[in-house]
Each structure stands twice: as C-alpha cells, then as structure tokens.
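Step one of this worksheet: look at the structure below.
Residue numbers (my numbering): 1 to 69.
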C-alpha cells in the first residue's frame, strides 16, 4: 500500500507532488512550504486538500483504497 501511494504521488507530479513531499516527508508546515514555493499558506492548504482528494480517487480506482478510507 505504501508503495502504491508513493507511485501515485510521483504520477501527480509538479508542485502538488512537492507539497505532499515537503509536508509528509520533510515535516514542513504550510507556512514553511509557502515560503519555499512563494505561495501563501492558504494556497498551500488548498493545493494540499485537492491533491489528497485526487490521491484518494486514484487509489480507489486502482482498488488500493476502500470506500471508507
């Protein structure tokens, strides 16, 4: 499952991938990520939320996530 999530994160690419990696792998908060990417904390939060929704959808479609997960 962890490998599948990592593959889906890689497939997303771009700044969305970077936000997920900065937050979950590097432990940065949205303010810190915003400073690195020259975006507001609010924009980072929006991108994070939509990226997680996309990841959930892709994982469900791949059968790697239950409908309750």
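C-beta atoms are modelled at their ideal positions from N, C-alpha and C, and glycine is treated no differently.
DSSP-derived helix/strand/coil call for residue i
| i | result |
| --- | --- |
| residue 37 | helix |
| residue 62 | coil |
| residue 14 | helix |
| residue 54 | helix |
| residue 7 | helix |
| residue 47 | helix |
Straight-line Cα distance separating residue j from residue i
| i | j | result |
| --- | --- | --- |
| residue 59 | residue 4 | 8 angstroms |
| residue 48 | residue 7 | 17 angstroms |
| residue 22 | residue 16 | 10 angstroms |
| residue 62 | residue 34 | 31 angstroms |
Pair within 8 angstroms by beta-carbon distance, residue i and residue j
| i | j | result |
| --- | --- | --- |
| residue 51 | residue 2 | no |
| residue 30 | residue 44 | yes |
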